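Trainee: Pasting a structure below so you can have a look.
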Amino acid sequence: MEIQTMQTSPSTQIVNIGGFDIGGPNFTVIAGPCSIESPAQFMETANGVKASGAHLLRGGIWKMRTSSKDFQGLGSAAFDFVKNVCKETNMSLVSEVTDIRQIEEIYDLVECFQVGSRSMQNYELLRELGKQRKPVLLKRGLSAYINEWIKAAEYITNGGNQNVILCERGIRTFETATRNTLDLNAVAYAKRNTNLPVIVDPSHAVGIRALVPDLACAAAAVGADGIIVEVHPRPAEALSDGMQALTLSDFSAMMKKLDKILTAIDRPLHKVTEHAH
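The working numbering applies: residue 731 is where the sequence shown begins, and numbers increase by one.
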């Protein structure tokens, strides 16, 4: 690897999304459904996660799915009500773009563009996001080396957009008991060898609802700057990834447990009431 191991950790660059500093002294929680399915579902989820202390909303408008027959997201049909939900709840949205053409379409809807695992090495998309003024959350490819993940981030930063957040979301290993294997090594390594904030997606990492809170807590303990988790009011009805989505009560319980761990390591949660959208 070309990256030289440093003797001391570099200071983490602060990336601000919707008034919340990611990479600073506070821990950030991004929560919401895998896919935005309807106005009622999105509003209920947004209100629920905010009440439990989430800082930012996640939600897929377009979804890249392994099977072309699976739900692909609502696309432009969701634009108006997504904007309304964000305004009503006073929360900012993080959402995935899978194609260069989508950047302009949802520019006014999102505060942060997400690059999914399958798109980590879509270098034309990364170059275009490097020209944007909004932050980019870059997920690690499911079989990508840490070095490849960091170099993918450089396609964005070299374009002039320094506001990149790395997201570890589990990698494909020989293990089949869980959806993927959460690589906490990568979190510790990226924190020590880059100046980018690093967050963890425990939902995609494990794929099993009951295990998500434990991995969220592990991410906090290892030094991640935040987490991004999937939450659905009724996961059994979810059109995508219901098996790994927390219920609103699950999420509330996880936040209380997370708060205790973060207090112990002097990394408090942001206070939601202090910020305005």
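Beta carbons: idealized from backbone N, C-alpha and C, even for Gly. Bear in mind that the values here come from a model prediction, so they are computed numbers and not experimental data.
(1) If you draw a straight line from the C-alpha of Ala776 to the C-alpha of His785, how long is it?
(2) Could you tell me the alpha carbon to alpha carbon distance between Ala808 and Leu839, rounded to whole angstroms?
(3) Return helix, strand or coil for Val894, following the three-state DSSP convention.
(4) Any idea if Phe750 is buried or exposed, counting beta-carbon neighbours within 10 angstroms, 16 or more meaning buried?
(5) By the DSSP assignment, the beta strand (DSSP E) with Ala761 in it spans what residues?
(6) Compute the Euclidean distance between the alpha carbons of Ala940 and Met821, then round it to the nearest angstrom.
(7) Report the residue from Gly790, Gln892 and Trp879 whose alpha carbon sits nearest the alpha carbon of Lys1009.
(8) Which same chain residues end up closer than 7 Å to Gly890 when comparing Cβ atoms and leaving out the 5 residues on each side of it in sequence?
(9) Figure out for me which residue from Arg831, Phe772, Met850 and Phe843 has the closest Cα to the Cα of Lys813.
(10) Identify the continuous beta strand (DSSP E) that holds Val866 and give its terminal residues.
(11) Are the CB atoms of Leu978 and Pro963 nearer to each other than 8 Å?
(12) Compare the Cα-Cα distances from Gly778 to each of Ile791, Ile747, Val815 and Ile752 and report the closest residue.
(13) Measure the alpha-carbon distance for Glu767 versus Phe811 and round it to whole angstroms.
(14) May I ask whether a heavy atom of the ligand GTP can be found less than 7 Å away from the beta carbon of Thr828?
(15) For Lys987, which residues from the same chain have a beta carbon less than 7 Å from its beta carbon, with the 5 sequence-adjacent residues on both sides left out?
(16) What does the alpha-carbon distance come out to for the pair Cys764 and Ser970?
(17) Spell out a yes or no on whether the stretch 893-901 and the stretch 874-883 are touching, meaning 3 or more CB-CB pairs, one atom from each, closer than 8 Å.
(18) Inspect the beta-carbon positions of Pro927 and Ala949 and report whether they are closer than 8 Å.
(19) What are the start and end residues of the alpha helix (DSSP H) that includes Arg857?
(20) Relative to the alpha-carbon of Asp829, which residue among Lys799, Ser797 and Lys793 has its alpha-carbon at the smallest distance?
(21) Among Leu855, Ile938 and His934, which residue has its Cα nearest to the Cα of Ile886?
(22) Roughly how many angstroms lie between the CA atoms of Ser806 and Ile791, to the nearest whole one?
(23) Taking the runs of the alpha helix (DSSP H) that are 4 residues or longer, which of them lie wholly in the stretch 776-823?
(24) Considering Cα atoms alone, identify which of Ser741, Gly762, Gly900 and Gly748 is closest to Pro755.
(25) Nearest by alpha-carbon distance to Ala762: which of Val959, Leu804 and Lys817 is it?
(26) If we count the other Cβ atoms within 10 Å of its Cβ and call it buried at 16 or more, is Pro998 buried or exposed?
(27) Span of the beta strand (DSSP E) holding Asn746?
(28) Please classify Phe981: is it buried, with 16 or more other beta-carbons within 10 angstroms of its beta-carbon, or exposed?
(29) Where does His1007 sit, in a helix, a strand or coil, going by DSSP?
Mentor: Looking at the atomic coordinates:
(1) Position 46 of the sequence shown holds residue 776. Position 55 of the sequence shown holds residue 785. C-alpha separation (whole angstroms): 10 Å.
(2) Residue 808 sits at position 78 when you count from the first residue of the sequence shown. Residue 839 sits at position 109 when you count from the first residue of the sequence shown. Straight-line Cα distance between these residues: approximately 10 Å.
(3) As a working mapping, residue 894 is identified with position 164 in the sequence shown. Of the three classes helix, strand and coil, the one that applies to Val894 here is strand, per DSSP.
(4) Here the question's residue 750 lines up with position 20 in the sequence shown. Phe750 comes out buried.
(5) Here residue 761 is taken as the residue at index 31 of the sequence shown, counted from 1. Note, Ala761: beta strand (DSSP E), Thr758 to Gly762.
(6) If you number the sequence shown from 1, residue 940 lands on position 210. If you number the sequence shown from 1, residue 821 lands on position 91. About 27 Å.
(7) Coverage of the chain is limited to positions 731 through 1007, which leaves residue 1009 absent and any answer about it impossible.
(8) One-based indexing of the sequence shown puts residue 890 at position 160. Here the set comprises Gly860 and Lys861.
(9) Numbered from its first residue, the sequence shown carries residue 813 at position 83. It is Phe772 whose Cα lies nearest to the Cα of Lys813.
(10) The residue labelled residue 866 in the question sits at position 136 within the sequence shown. From DSSP, the beta strand (DSSP E) with Val866 extends over Val866 to Lys869.
(11) In the sequence shown, the residue the question calls residue 978 occupies position 248. In the sequence shown, the residue the question calls residue 963 occupies position 233. Closer than 8 Å, so yes.
(12) For this step, residue 778 is matched to residue 48 along the sequence shown. It is Val815 whose Cα lies nearest to the Cα of Gly778.
(13) Residue numbering aside, residue 767 sits at position 37 when the sequence shown is read from its first letter. Residue numbering aside, residue 811 sits at position 81 when the sequence shown is read from its first letter. Distance between the alpha carbons of Glu767 and Phe811: 11 Å.
(14) Of the ligands one can find in the structure shown there are none, so the ligand GTP has no counterpart to examine.
(15) Counting from 1 along the sequence shown, the entry for residue 987 is found at position 257. Within the same chain, Lys987 has close Cβ partners Pro943 and Cys947.
(16) As a working mapping, residue 764 is identified with position 34 in the sequence shown. As a working mapping, residue 970 is identified with position 240 in the sequence shown. Distance between the alpha carbons of Cys764 and Ser970 is about 6 Å.
(17) yes
(18) One-based indexing of the sequence shown puts residue 927 at position 197. One-based indexing of the sequence shown puts residue 949 at position 219. The answer is no: Cβ separation not under 8 Å.
(19) For the purposes of this step, residue 857 is taken as the residue at position 127 of the sequence shown. First-last of the alpha helix (DSSP H) with Arg857: Tyr853 to Leu859.
(20) What you label residue 829 is simply residue 99 of the sequence shown in a count that begins at 1. Minimum Cα distance to Asp829 is reached at Lys793.
(21) Position 156 of the sequence shown holds residue 886. Comparing Cα-Cα distances from Ile886 to each of Leu855, Ile938 and His934, the minimum goes to Leu855.
(22) Mapped onto the sequence shown, residue 806 falls at position 76. Mapped onto the sequence shown, residue 791 falls at position 61. Cα to Cα, Ser806 sits roughly 8 Å from Ile791.
(23) 809-819
(24) Counting from 1 along the sequence shown, the entry for residue 755 is found at position 25. Nearest option by C-alpha distance: Ser741.
(25) By 1-based counting over the sequence shown, the position of residue 762 is 32. Just to set this straight, residue 762 is Gly in the shown sequence, not Ala. Of the candidates Val959, Leu804 and Lys817, the one whose C-alpha sits nearest the C-alpha of Gly762 is Val959.
(26) For the purposes of this step, residue 998 is taken as the residue at position 268 of the sequence shown. Counting Cβ neighbours within 10 Å, Pro998 comes out exposed, since fewer than 16 surround it.
(27) Indexing the sequence shown from 1 puts residue 746 at position 16. Start and end: Val745 to Ile747.
(28) Here residue 981 refers to the residue found at position 251 of the sequence shown. Label assigned to Phe981: buried.
(29) Along the sequence shown, read from residue 1 onward, the residue named residue 1007 stands at position 277. Residue confidence for His1007 is low, a pLDDT of 48 falling below 50, so the modelled location carries little weight and cannot support an answer.
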